[in-house]
Structures are given as C-alpha cells and as structure tokens.
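Engineer:
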Amino acid sequence: MGLGITHTPGLTMKWFLFFVLAIGLGLCSSTVNSVSGYNYYRLPTALRPQKYYLRILTFLENPDDLRFAGTVKILIEALENTRNITLHSKNLTIDESQITLRQVSGEGRKDNCVSSTSVNPSQDYYILNTCEELLAGNVYKLSLPFSADLSRQLFGYYRSSYKDPVANVTRWLSSTQFEPAWARKAFPCFDEPSYKASFVVTLGYHKKLTALSNMPIKETKPHESLPNYVWSQFEESVPMSTYLVAYSVNDFANKPSTLPNGALFRTWARPNAIDQCDFAAEFGPRVLQYYEQFFGIKFPLPKIDQIAVPDFSAGAMENWGLVTYRESTLLFSEGHSSLADKQDLANVVAHELAHQWFGNLVTMKWWTDLWLNEGFATYVAGLGVHNIHPDWHSKDRGSLQSMMASFRLDSLVSSHPVSRPIQMVTEIEESFDAISYQKGSSVLRMMHLFMGEEAFRSGLKQYLQLYTYKNAEQDDLWVSLTQAAHRNGSLPRNYEIKTIMDSWTLQTGYPVVNVTRDYTAKSARLSQERYLRNTQIPRDQRVGCWWVPLSYTTEKEKDFSNTVPKAWMECSRNGESLPKTIYDLPGSDQWVIFNTQLSTPYKVNYDAQNWKLLIETLNSEDFESIHVINRAQLIDDILYFAWTGEQDYETALQVTNYLQRERDLLPWRAAFNNLKLLNRILRQTPNFGLFKSYMKKLLSPIYEHLNGMNDTFSSIQQQNEILLKTTVVDWACQYQVSDCVPRAQSYFRRWKSEANPDEKNPIPINFRSTVYCTAIRHGTDEDWDFLWTRYKKSNVGSEQQTILATLGCSREVWILQRYLEMAFNPKGGIRKQDSTLVFQAVASRQIGILLAKKYFMENVELIHKYYYPQTRTMSRLLKPFSEQVITTGDLNEFRTFTISSQKYLKGVRQAIQQTLETMLTNVQWKERNYQHFSRSIQQHLNNIPTSLEHLQKSTIKRNLNKLLVNI
2 MGLGITHTPG
12 LTMKWFLFFV
22 LAIGLGLCSS
32 TVNSVSGYNY
42 YRLPTALRPQ
52 KYYLRILTFL
62 ENPDDLRFAG
72 TVKILIEALE
82 NTRNITLHSK
92 NLTIDESQIT
102 LRQVSGEGRK
112 DNCVSSTSVN
122 PSQDYYILNT
132 CEELLAGNVY
142 KLSLPFSADL
152 SRQLFGYYRS
162 SYKDPVANVT
172 RWLSSTQFEP
182 AWARKAFPCF
192 DEPSYKASFV
202 VTLGYHKKLT
212 ALSNMPIKET
222 KPHESLPNYV
232 WSQFEESVPM
242 STYLVAYSVN
252 DFANKPSTLP
262 NGALFRTWAR
272 PNAIDQCDFA
282 AEFGPRVLQY
292 YEQFFGIKFP
302 LPKIDQIAVP
312 DFSAGAMENW
322 GLVTYRESTL
332 LFSEGHSSLA
342 DKQDLANVVA
352 HELAHQWFGN
362 LVTMKWWTDL
372 WLNEGFATYV
382 AGLGVHNIHP
392 DWHSKDRGSL
402 QSMMASFRLD
412 SLVSSHPVSR
422 PIQMVTEIEE
432 SFDAISYQKG
442 SSVLRMMHLF
452 MGEEAFRSGL
462 KQYLQLYTYK
472 NAEQDDLWVS
482 LTQAAHRNGS
492 LPRNYEIKTI
502 MDSWTLQTGY
512 PVVNVTRDYT
522 AKSARLSQER
532 YLRNTQIPRD
542 QRVGCWWVPL
552 SYTTEKEKDF
562 SNTVPKAWME
572 CSRNGESLPK
582 TIYDLPGSDQ
592 WVIFNTQLST
602 PYKVNYDAQN
612 WKLLIETLNS
622 EDFESIHVIN
632 RAQLIDDILY
642 FAWTGEQDYE
652 TALQVTNYLQ
662 RERDLLPWRA
672 AFNNLKLLNR
682 ILRQTPNFGL
692 FKSYMKKLLS
702 PIYEHLNGMN
712 DTFSSIQQQN
722 EILLKTTVVD
732 WACQYQVSDC
742 VPRAQSYFRR
752 WKSEANPDEK
762 NPIPINFRST
772 VYCTAIRHGT
782 DEDWDFLWTR
792 YKKSNVGSEQ
802 QTILATLGCS
812 REVWILQRYL
822 EMAFNPKGGI
832 RKQDSTLVFQ
842 AVASRQIGIL
852 LAKKYFMENV
862 ELIHKYYYPQ
872 TRTMSRLLKP
882 FSEQVITTGD
892 LNEFRTFTIS
902 SQKYLKGVRQ
912 AIQQTLETML
922 TNVQWKERNY
932 QHFSRSIQQH
942 LNNIPTSLEH
952 LQKSTIKRNL
962 NKLLVNI
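Residue numbers (my numbering): 2 to 968.
Encoded structure:
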C-alpha cells in the first residue's frame, strides 16, 4: 500500500446509540455498561472468527443521503471458555434489539443471547456480554445489524465521485480502504491481521450499477422489497485478514486482459477514462505471471480486478482480488503522461500485485512486521518491472532510490527500526514510511545478493508454502532462508540469517564503515559506527553493530559484477563490533572500493590517499571503469561526510567535479539528491550567487550534450537517457542555464496561442512539468489562470498532478496565498487527496516557504479539522519546513509552535520529532560549514580548468609509472 492512512480514536455521538435499552427485544437483560474496563490494545485470544457472512445495502441515489446498512453474521470458534465477545466497531449504529447469538456446533447445543454491551472508544472495542458461558471447542453464530453514512473521509467504506461530462452531472460511487484498521468502520469485526477468516460478501445496490468485491459474483437476484435494487452474492473467499476485504458499487467500465490458463483479469475506470487503462491492462497480467513463476506458487483466486478510484488517500491498496488505485497511479494517457509517469505506474502495479503473495497469502502476525509486506513488495516490484521492461534499466535506479531515501531518514536519531513494536493504531500508520518500504527493500536486496538467486528463491518458496493462508513473523522467514542458504552452501554453517538480519531490522540506523589502509602492509583496518547527521551526538554514543557483508574490488581488478561477500564484519554476542582487517590489497598507487554495486545499505569513508586515487580516476577519461552505481555511491557518501564534517568540501567538490563528464542518470540522481538540500539552505544566504555559478558550470556541459530543451526524444534509444535529459533540463531552467528559460517560455506561449489548448499541446510530454513551472515562475497572473483552467478541464490524473505541482511555482504572494486557501477548502476545486501535493508545491519554493509556514502555524486547527480523523496526513505537510529552516530563531519558533499546538499535532508526533531534528541539522550545517563551503566553492570556480588539467597530467604520469613497472 502507499503512504497516507491515518486515524485518531475518539468518542462520537453515534456510540450513544449503542446504549439503547432493549428490554424484551431479544436481549436477556437490560444491563448496559457505558465503558468497558478491558483496555489492552490487542483483542482477547479466547475467540477466533472462522467465517463472515457480510450483507450490505448501499444507497447512492440521493447525494444528500449517501449511506449503507447491513448485517454481519460471524461464525466464532471458542478456544477458551469466556463470557464475553470483544470485537471492533467504530462509528457504526448497531441495532441492539436485533443482535442474536446461538451455538451452531459442539456438545449440548443451547440457546444463548447477549445480556449487555459495553464499549471502549479508545480501542474501538464493542463488547457483548453473553447470557451463557461460551465453551472451548464450540462454534457460535453472532448476528449484528449495523448502519452508517458513507464516510466523507477516504477510509472505511466511503463515497467518491466524478463529473460525467456528457450529462454534466456528478456520479457517485462507493469504495473501501481498510488498511490498517478501518474495516471496523464498515462492519463489526475482529480487525487484526492474525484473525484470518473466509468471507461471503453480498452487496445490495441499484441494478443500473455494478458491484465488485474480492471474489467473482456467484449469483444476482432482485431485492425482496426495493424496486430496481438487486442483491449480488460473491463466492466465498479464501481465508484472509479483515484489512484486505474490499467492495465497491459504481457505474464503471472495464478492460479485460487475456491471461492464458490464468485468472480473469480486468482493469476498471470511470467510462470517460477507460481508454487510459490499456497500459495497466497489458502490464498487470504479465507481472502477475512473473510472480507465479518467481514464487513457484499460482495466484490462488479465480479473478483479479484493478480499479481507479477518483478519491483515494494512499497511492494504491493490495486488497486480494480487488486492487484499488488513485487514478494517477493506474491510468496512463499516451498524449498526456510522461515516461516517468509510465514507469511509476508500472512500479505501483508491480508493488500491489507482489502483495498478493507477500501480505495476502502470508500475512504478518502483527503490524510490528509491516515491513514484511511493504519492504518485500517494494523490492520484488523492482524485479518484476525489470523482467518485463529490461530496457528501462529500472532495477538499479530503484535500488539506488530506495537506498538514498532510507539513508536520509535513518540518519536521524528519531528514526525507528524496520521491525518496530506497535501498541496503538496511530503507531501503525507511522510505520508506512521510508523505513518499512525503502530500507526494508534495501536489506532484502542485500540478502538476495549475499545468498544468491537459488538459495534466496527456494527459501522464499518454502516460507510461502509453509504459511499459506496463515500469519508469520520475521523469525519464521529467517528460519526458511537459513535452511535454504545452508542447503545451497551460500552461507557458512555457523552463520544464521537471523543473527545477520536482526542487526539490520531490530536496530535503528545504519553504519559508516571507516577504511584505513596500510599501504606498506597492503592491508586495511575496518571499523564501524552509526552514521548520524546530528553532529551534537558524541562519538561514544553512536553505538550499534551491524553484520556487514564485505564485497570490494581494486583498481586493477575492477570486478564490480561480484557482489558476493569476500569477508564479513561481525558483532560479538553482546552487540559490539569485532575488529576486521582485510589483507592482500594493492599498494599506494591503486584505489580500493568497498560495497560493490552498493549491495548493502552502509556508507564507506576512506583515508585521504584512497579518496585522492578515486578522485584522479573519476576526473580522468577512465571514470567509467568504476561501476555506475559505485560512482553514484561515491558522490552520495562524500556529500554526506562533508555535511557532517568527516570530510571537507574541497574533497567533496573534487569528486562532484567529474560530473562534467558524466552521461549516466544514476550519479546525477545522487548529486541532485544532495545538492537540492544545499540549494534550499544557500538560497537564503548572501553567497547563493556563488552556488548558482557553480551549478551553472556543472550543468552547462551536460545540458549542451543532451541538446538542451530541443525535442530530441524520438532519437534517444535509452530510456534512462530520456529521464536524464528531463532531469537535467529541469535543473538547468532553475539555474537559468543557457537558453533554458526562454525556450520554456516560448513553448508555453505556443500552447496558449492554440485554438483548442485542451486538445492540442505542443509542449513535449517529458518537458511539461519543467515548462509549466518555468512559465509560471517567470509569468503573469494570466499564465496562472490559463494553467488552472487546463487543470479543471483535464481528464488525466497524472496530468492533473503535474499541473497542481507546478502552479505552486508562482512568485506572486497573493496567488500563492489564494492557492494555499483553495487546498483546504472543500469547495476550492482540489480533491482532498491532492491537498498535500498543493501545499508541498508552494512550501518547497523560495517565496512559498514563508507563506506556507505562516499559513500552517496560523491555521493548524482548520487543517486538523479538514483531515480529522485521518490526521496523519498532516505529516506530509512538514517535509518542506524541515528542509528550509536554517536559523536557531526559526527552529525555536517552530518548536514553540509544536508545543502550543500539541492537541492538533498528536497524530503526527514522530513526524514532528523528525522535522525538528532535521531543522537542527540544517542549523548545525550553517554554523559549521557555511563559510568553509563558500570559500571552497569560490576557490573551485577559480580553479576548475587548472584542477582538471592537473588531474589529467597526474593521471598520465600515473599510467606512465604503471607502464614502466610492467616493463
């Protein structure tokens, strides 16, 4: 699933409807307790659901009264004797007069009933006290009638809509979002992942509409009393967790895919967007078949539907057999969506379909191991996309992106372990972040590489077969993988996967491995410590030890294809790092590179001589002899070390200087990822002009090499080069390199002059984001209004996202202020799911940041109310602040604000901590590095030609010496 699910428990008026006394209406007693004393965050273990019969009638005809009503009958097995049934229910009206309970199997069947009920609003518990004790071994059937409005929030069972352009009316539909803990808002249930059961879903709805659920429809018949209404019963599901149940009532069209000998596969969208389903309908079945082959287990359901929901909080959700998506992550238009949009779409589809095995077939026991779902789906999605589109070279790019995203977050003290204890619902939602997804993916890739293909896959298959339709935790996976690695001989017998992987999943952070070479002895001494961006933390507190598989190569070998570890850094039983020395290394004329292809998520810092040798190679004609991922690694590592003072900026700039020669995407991605943060600090300082000059100098050669803003895309063979050109041109326009800005303005003017701009857009698709932003930044009010009109008339989700993101590029204060207000106004024309995108678009830019910060601080109550109870969404608004606050005064002001606004920010405590810590690291950087960095840039600008010349001469000299030695 994508990020963005939130919850704040609270007592609503509807709970009081539970307390209606039911004397003589089927309940044995009139005793009703208002609040239960049971307050543990997990359900009691005395009962286990076996099967749900879920019957729901949905009313979509009257926009002023969108609601549902239903009955759930649950077959419950008693594992221990008990006198009460505790399950989850939230904001549902339960008609207590209609509750029934009876024994359906076991010894001495007796009538039973419910004597009283109570609630615990803080844990969402609904507790039924029984007339007779429930006895272990017996099975009971509990029937509960319930009703509620279709939620206006984007979770539980909720409403969505779209505008039918032909009839000019709003069409309503219903959809579900139950992960992590929102099935309880749709029907009373045991809403924890380990309570797997089968589901028989029956949906009632107007016959002109369509109903979808996890399984195919078994039969449809007329409603017994409502004219024009029907009941559709779906086939019984396989055992699954409540968070994977899904259903929707809509008037959508579908595009079927042909899957030989496979499940029925359909892609659904509103009728006027069905032509945008082609790519997903073609790609989805192919990636599903790849997983069947990869895992060695057939997809277990008879059908799978994927549906684009107009209002959707997360990116997508892996409901078994009915995968739900945002329109922008499932729909693709050849005429409006870029290559980056297409590749993002493929990744999301591959991610959700990977979940059908990892998450759905085998589910974590508790949310502590959410990463087993999300980390796996992220990693395996990369393999799936690469298998189908190897020409995209997306696997390496995805691995690097995951590594860089997790490095950034995990360098904070306020980060958290991959596998983290969860004790309340809000904590579950905080785990949907870069640690569970990207770091989870990175440690799995590490394991895949050190175990090898055969052992990794056979271990996964064994694990999946062992726990099919069951729940597992990470230790269960480690057992299967250890057995496979030992069978295969890819891990020494005295090594356990658990010992190695626990150091990566149970411990926050990652190591920097310091490599100090002894050039005379031809050896290297390795030590490790936790890398932290907060330089106030003393060295002796940067504790931690990781089991690090050590792959490395030398300048002579240049064997970057071998990622199998040649040695290991180990930890003692009490978690201390054991010293490690590597022998048989070359002399002082050859570099060594550790962590080939960045196979493990750690950083490497070398002694001065090794960095010098690396810099010489990078700045020579021979720079491509270093693998492209390791070139990206060197840039990322050196800029991190310069940030925290382990290296100086003179050294860092000598490394990045080679980028003038670089023609591959990955090193540029690593550079931009780091330079963006420097840019956001420096643009608030008097020396920003120096940085601009440096960036122009860096970007000019590659901008010219790629033919700048000329539309040369049709002649580019490599997809990576298209992405490189797109990225470079975007940066070039930000720094006004060459003709970038006037060319962008010219494209935009041509578009404005079109007679029908919604039908004809002359701007090359891959440049549109850059052109829109540049034109709005340097443009007029009229330009802004023109683009806003295009947004309102667009029928393509990815295009709408591009426009919303670029409308924030304006430098007009009043326009930005109006735009911020539109984002949080239900009648502002911006869907709730896109409000964070709009806010970030304003807040991430130089003029917008001050306005956005002021707006957020003055309107935090309004924003809280806008998202409530899904307040975790507010965490997405904080990132731009964390990257742009650079003074102690501003940091203290924001800290004071968070303390005084606690009641509105309690759902985002972790995000607040991480924001404040990131701000602190910016303040530290400015105080420690600003003057030094400015001097280094100045010197570098003066000496670029000289330093290049010098390095070329020294390379020639070094090569000549080697030649003489060989002679």
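For each residue, glycine too, the CB sits at the ideal point set by N, CA and C.
Would you identify the three-state DSSP class for Met2, choosing helix, strand or coil?
Structural biologist: DSSP places Met2 in coil when its eight states are reduced to three.
Engineer: Just checking: is the beta-carbon of Val105 within a distance shorter than 9 Å of some beta-carbon in chain D?
Structural biologist: The question asks about chain D, but that chain is absent: this structure has only one protein chain.
Engineer: Only counting the same chain, and skipping five residues up and downstream in sequence, which positions put a Cβ closer than 7 Å to that of Lys91?
Structural biologist: Contacts found: Asp125, Arg185, Lys186.
Engineer: If I'm right that Phe284 touches Ala347 with Cβ under 8 Å, what's the distance once you round it to whole angstroms?
Structural biologist: With 8 Å as the limit, Phe284 and Ala347 qualify as a contact, their Cβ atoms being about 6 Å apart.
Engineer: Measuring CB to CB, does Val797 end up less than 9 Å from Leu332?
Structural biologist: Cβ atoms of Val797 and Leu332: closer than 9 Å.
Engineer: Between the alpha carbons of Val120 and Glu375, how many angstroms are there, rounded?
Structural biologist: The straight-line gap from Cα to Cα measures roughly 33 Å.
Engineer: Here's the rule I'm using: 16 or more other beta-carbon atoms within 10 Å means buried, otherwise exposed. How should Gly576 be labelled?
Structural biologist: Flag for Gly576 reads exposed.
Engineer: So the candidates are Gln277, Leu678, Asn943, Phe313; which of them puts its Cα closest to the Cα of Arg153?
Structural biologist: For Arg153, the nearest C-alpha among the options comes from Phe313.
Engineer: In three-state terms, what does DSSP make of Trp269?
Structural biologist: Trp269 falls in the strand class under three-state DSSP.
Engineer: Is Ala281 buried or exposed, if buried means 16 or more other CB atoms sit within 10 Å of its CB?
Structural biologist: The residue in question, Ala281, is buried, as its Cβ has 16 or more Cβ neighbours within 10 Å.
Engineer: Could you give the C-beta distance for Leu413 and Arg540, rounded to a whole number, given that I count them as a contact under 8 Å?
Structural biologist: Contact doesn't hold; Cβ gap of about 17 Å is too wide.
Engineer: Pick from Gln915, Ile766, Asn688, Asn251: whose alpha carbon is nearest that of Leu724?
Structural biologist: Ranking Gln915, Ile766, Asn688, Asn251 by Cα distance to Leu724 puts Ile766 first.
Engineer: Sort Asn757, Tyr532, Cys190 by Cα distance to Lys52 and report the nearest one.
Structural biologist: Measuring from the Cα of Lys52, the nearest candidate turns out to be Cys190.
Engineer: For the beta strand (DSSP E) containing Ile308, list its first residue and its last residue.
Structural biologist: Segment 304 to 310, the beta strand (DSSP E) holding Ile308.
Engineer: Could you pull out every unbroken beta strand (DSSP E) segment of at least 3 residues lying fully inside the stretch 521 to 603, listed in chain order?
Structural biologist: With a minimum length of 3 residues, the continuous beta strand (DSSP E) runs that stay inside the stretch 521 to 603 are 524 to 531, 549 to 551, 553 to 555, 568 to 570, 581 to 583, 593 to 595.
Engineer: If you follow the alpha helix (DSSP H) that Lys256 is part of, which residue opens it and which one closes it?
Structural biologist: Note, Lys256: premise wrong, no alpha helix (DSSP H); beta strand (DSSP E) at 254 to 258.
Engineer: Since Ser407 contacts Gly383 with CB under 8 Å, what's their CB separation in whole angstroms?
Structural biologist: Not a contact, Cβ separation roughly 14 Å.
Engineer: Expressed to the nearest angstrom, what Euclidean distance is found between the alpha-carbon atoms of Arg49 and Pro122?
Structural biologist: Each residue's Cα considered, the two are about 22 Å apart.
Engineer: Let me confirm a value: Met512 is counted as buried when at least 16 other C-beta atoms fall within 10 Å, else exposed. Which label applies?
Structural biologist: With the sequence shown as reference, residue 512 is identified as Pro, and Met is not the correct amino acid for it. Buried, since its Cβ has 16 or more Cβ neighbours within 10 Å.
Engineer: DSSP on Cys114, reduced to helix/strand/coil?
Structural biologist: Note: Cys114 maps to coil in three-state DSSP.
Engineer: Please classify Trp815: does DSSP put it in a helix, a strand, or coil?
Structural biologist: Here Trp815 sits in helix by DSSP.
Engineer: The alpha helix (DSSP H) that contains Pro674, what's its start and end?
Structural biologist: In the sequence under discussion, the amino acid at residue 674 is Asn, which differs from the Pro named in the question. Note, Asn674: alpha helix (DSSP H), 666 to 683.
Engineer: Taking the C-alpha atoms as reference points, what is the distance between Ala596 and Thr564?
Structural biologist: Just to set this straight, residue 596 is Asn in the shown sequence, not Ala. The straight-line gap from Cα to Cα measures roughly 8 Å.
Engineer: Tell me where the alpha helix (DSSP H) around Asp786 begins and ends.
Structural biologist: That run of the alpha helix (DSSP H) goes 782 to 794.
Engineer: So Phe188 packs on Phe147, CB below 8 Å; how close in whole Å?
Structural biologist: The Cβ separation is near 6 Å, so the contact holds.
Engineer: Terminal residues of the continuous alpha helix (DSSP H) containing Met365?
Structural biologist: Segment 363 to 365 is the beta strand (DSSP E) holding Met365; no alpha helix (DSSP H) there.
Engineer: Considering only residues of the same chain and omitting the five flanking positions on each side of Trp785, which have a CB-CB separation below 7 Å?
Structural biologist: Once the five neighbours on either side are set aside, the close Cβ partners of Trp785 are Ile777, Leu808, Ser811, Ile816.
Engineer: DSSP three-state label for Ala633, please.
Structural biologist: It is helical.
Engineer: Where does Arg160 land, buried or exposed, given buried means 16+ other C-beta within 10 angstroms?
Structural biologist: The residue is buried, with at least 16 neighbouring Cβ atoms inside 10 Å.
Engineer: Should Phe749 and Val772 be called a contact, given that it needs their Cβ atoms to be closer than 9 Å?
Structural biologist: For Phe749 and Val772, yes; Cβs fall inside 9 Å.
Engineer: For Asn361, does the count of other Cβ atoms within 10 angstroms reach 16, so buried, or fall short, so exposed?
Structural biologist: Looking at its Cβ environment, which holds 16 or more other Cβ atoms inside 10 Å, Asn361 is buried.
Engineer: Name, in chain order, the residues that DSSP records as bridge partners for Tyr127.
Structural biologist: Paired residues: Leu88, Val120.
Engineer: Please classify Lys604 as buried or exposed, where buried requires at least 16 other C-beta atoms within 10 Å of its C-beta.
Structural biologist: Buried.
Engineer: Hey, out of Gln914, Tyr158, Gly263, whose CA is closest to Leu289's CA?
Structural biologist: Checking every option, the nearest Cα to that of Leu289 belongs to Gly263.
Engineer: Closest to Asp503 by CA distance: which of Asp476, Leu838, Ala486 is it?
Structural biologist: Minimum Cα distance to Asp503 is reached at Asp476.
Engineer: Buried or exposed: Tyr736, going by 16 or more other Cβ atoms within 10 Å of its Cβ?
Structural biologist: By the neighbour-count rule (16 or more Cβ atoms within 10 Å), Tyr736 is buried.
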